[in-house]
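Heads up: the sequence shown is residues 1 to 387, going by UniProt numbering. Ideal placement from N, C-alpha and C gives every residue a C-beta, glycine not left out. These notes concern the structure reproduced below.
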Amino acid sequence: MTSSPTPVHLRQMRRANLRSLLLALVAAPGSRADLAARTGLTKATVATLTEPLLRQRILLETEPQSTGPGRPSRPLRFHPEAPVAVGAEINVTHLAATVRTLDGSTVAHRRTEIDNRTRDAENIVTDTADLIRTVLPDNARLLGIGLAVPGTVHDATVTRAPNVPGLTGIRVADHLSTLLQTAETLLDNEANLAAFAHLWPGPAATPDFAYISGDVGVGSGLVLGHELFRGATGFAGELGHVVIDRDGRPCNCGGRGCVEQYAGLSTILATAGHPTVDTLITALADNAPRARTAVSDAGAALGIALSSLLNLVDVATIILGGSYARLAEHLEPAIRTELHTRVLSSRHRHITVTPSPIDPDAAAIGAAGLITHRACHQPERLEHFPD
Ligand SMILES: [Zn+2]
Numbered sequence: 001m002t003s004s005p006t007p008v009h010l011r012q013m014r015r016a017n018l019r020s021l022l023l024a025l026v027a028a029p030g031s032r033a034d035l036a037a038r039t040g041l042t043k044a045t046v047a048t049l050t051e052p053l054l055r056q057r058i059l060l061e062t063e064p065q066s067t068g069p070g071r072p073s074r075p076l077r078f079h080p081e082a083p084v085a086v087g088a089e090i091n092v093t094h095l096a097a098t099v100r101t102l103d104g105s106t107v108a109h110r111r112t113e114i115d116n117r118t119r120d121a122e123n124i125v126t127d128t129a130d131l132i133r134t135v136l137p138d139n140a141r142l143l144g145i146g147l148a149v150p151g152t153v154h155d156a157t158v159t160r161a162p163n164v165p166g167l168t169g170i171r172v173a174d175h176l177s178t179l180l181q182t183a184e185t186l187l188d189n190e191a192n193l194a195a196f197a198h199l200w201p202g203p204a205a206t207p208d209f210a211y212i213s214g215d216v217g218v219g220s221g222l223v224l225g226h227e228l229f230r231g232a233t234g235f236a237g238e239l240g241h242v243v244i245d246r247d248g249r250p251c252n253c254g255g256r257g258c259v260e261q262y263a264g265l266s267t268i269l270a271t272a273g274h275p276t277v278d279t280l281i282t283a284l285a286d287n288a289p290r291a292r293t294a295v296s297d298a299g300a301a302l303g304i305a306l307s308s309l310l311n312l313v314d315v316a317t318i319i320l321g322g323s324y325a326r327l328a329e330h331l332e333p334a335i336r337t338e339l340h341t342r343v344l345s346s347r348h349r350h351i352t353v354t355p356s357p358i359d360p361d362a363a364a365i366g367a368a369g370l371i372t373h374r375a376c377h378q379p380e381r382l383e384h385f386p387d
């Protein structure tokens with residue numbers, strides 16, 4: 001005879017069931033019967049789990065829909081006033097903030113162009129907090145804040161930010177939480193979070209890919225087996241500092257010949273003789289030789305670095321993000337030439353190089369996703385929101 005489960009077991013089982021239910025609702029709204037069929041839970045369990053969520057205004061029962069004979073179903077979906085996540089990004093040349101629901105819908109979004117290269121952390125974080133205040137609705141119930149930074153992150157600290165050195169060594173997330181007098185802020189690298197935006201809440205198109213973030217800095221987010229790979233101490237994916245010329249140009253990181261010095265946006269614009277990506281794209285459309293050569297040379301440099309990455313981790317999909325997404329059609333031929341020559345697997349399979357469908361603010365979207373993903377996987381975080 002087995003003993004009956006303890007309350008702890010019951011609590012764990014309830015949370016596991018709630019997780020399944022929330023993930024099903026993130027995928028699509030549905031009636032209780034539909035949700036039961038999709039999760040494998042009984043209709044009675046679905047009814048028990050959804051009742052407090054309806055009281056808390058996390059879920060909403062919509063108008064009856066007749067789908068055939070019998071009683072019309074009443075689909076459940078996330079309530080428009082359900083708790084929301086904020087995703088913010090500190091980029092080298094802009095700040096962005098977005099407010100998102102649990103299923104990833106946008107509530108509000110704003111981006112401010114500002115050059116952060118020589119600013120100190122206090123000013124940058126104060127401006128980020130102000131931007132968040134402007135996008136967050138007054139009555140919003142906040143799940144938390146995700147923050148993307150252009151540098152490596154370990155133990156909630158920016159360990160290295162060569163293009164925004166004012167952030168290095170700073171616990172920027174704690175600083176932001178203090179300014180906003182709110183719950184904890186989760187911190188991660190911008191390329192990691194931009195890659196995560198391609199994974200959650202929608203299903204990723206492929207389980208293994210490299211997201212390449214190309215602006216002043218060049219970074220990457222590696223997704224292997226549907227999981228973001230951060231490395232042992234958060235330094236994975238520092239594609240910008242892959243060396244393509246051992247005696248090459250000096251880099252902000254202290255090294256030489258890093259691909260960022262050949263394929264970073266500052267180099268592309270300076271070589272092309274253009275002040276902005278907009279004017280560069282106009283010149284490319286006009287077939288201006290200098291602009292075409294500058295972008296083609298950057299594509300070749302990027303292709304060499306990507307070849308090393310692909311030979312190491314054997315992914316077959318490269319997503320170009322940031323300014324690279326806008327320049328993708330002009331970068332791609334030179335990237336492809338290098339991949340075809342240098343990647344061993346290229347003779348055996350097709351390598352996809354594609355612009356991100358999510359940019360320009362994928363990092364902020366991924367930062368919000370970090371919070372909504374955590375809430376759905378740890379549904380006890382929803383329990384403290386009152387009825
Ligand atoms: Zn470097």
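Check                                                                                                                                                                                    : Outcome
Got a list of residues with beta-carbon closer than 6 angstroms to any non-hydrogen atom of ligand 1, in chain order?                                                                    : H241, C251, C253, G255, C258 and E260
Considering only residues of the stretch 261-323, which uninterrupted beta strand (DSSP E) runs meet the minimum length of 3 residues and lie entirely inside it, listed in chain order? : 317-322
Helix or strand or just coil, what does DSSP make of V125?                                                                                                                               : helix
Let me confirm a value: A47 is counted as buried when at least 16 other C-beta atoms fall within 10 Å, else exposed. Which label applies?                                                : exposed
Give the list of continuous beta strand (DSSP E) stretches no shorter than 3 residues that lie fully inside the stretch 182-228.                                                         : 185-189, 209-214 and 218-224
Is the separation between the beta-carbon of T354 and that of I319 shorter than 8 angstroms?                                                                                             : yes
Between the C-alpha atoms of L59 and L23, what's the straight-line distance to the nearest angstrom?                                                                                     : 13 angstroms
Hey, V158 and I170: beta-carbon distance below 8 angstroms or not?                                                                                                                       : yes
Grab me the residues of F235's own chain with a C-beta within less than 7 angstroms of its C-beta, minus the 5 sequence neighbours each way, in chain order.                             : T152
Exposed or buried, which one is L10 when buried takes at least 16 other CB atoms within 10 Å?                                                                                            : exposed
Just how far apart, CA to CA, sit A232 and R74?                                                                                                                                          : 47 angstroms
Quick one: Cα of A36 to Cα of E61, how far?                                                                                                                                              : 16 angstroms
Pick out the complete beta strand (DSSP E) segments inside the stretch 44-123, 3 residues or longer, and give them in chain order.                                                       : 59-61, 76-78, 84-90, 94-100 and 106-113
When DSSP labels each residue in this structure, what does L23 get in the three-state scheme?                                                                                            : helix
A148 by DSSP, collapsed to three states: which one?                                                                                                                                      : strand
Check each candidate in L76, A191, D247 and V242 and name the one with the smallest Cα separation from L312.                                                                             : V242
Could you round the C-beta distance between V295 and I335 to whole angstroms and report it? I think they count as a contact, below 8 angstroms.                                          : Their Cβ separation, rounded to whole angstroms, is 11 angstroms, which puts V295 and I335 out of contact at 8 angstroms.
How long is the line joining the alpha carbons of T42 and W200, rounded to whole angstroms?                                                                                              : 27 angstroms
Could you tell me which residues DSSP puts in a beta bridge with V243?                                                                                                                   : C258
Can you have a look at A183 and say buried or exposed, based on whether 16 or more other CB atoms are within 10 angstroms of its CB?                                                     : exposed
How long is the line joining the alpha carbons of H330 and V84, rounded to whole angstroms?                                                                                              : 38 angstroms
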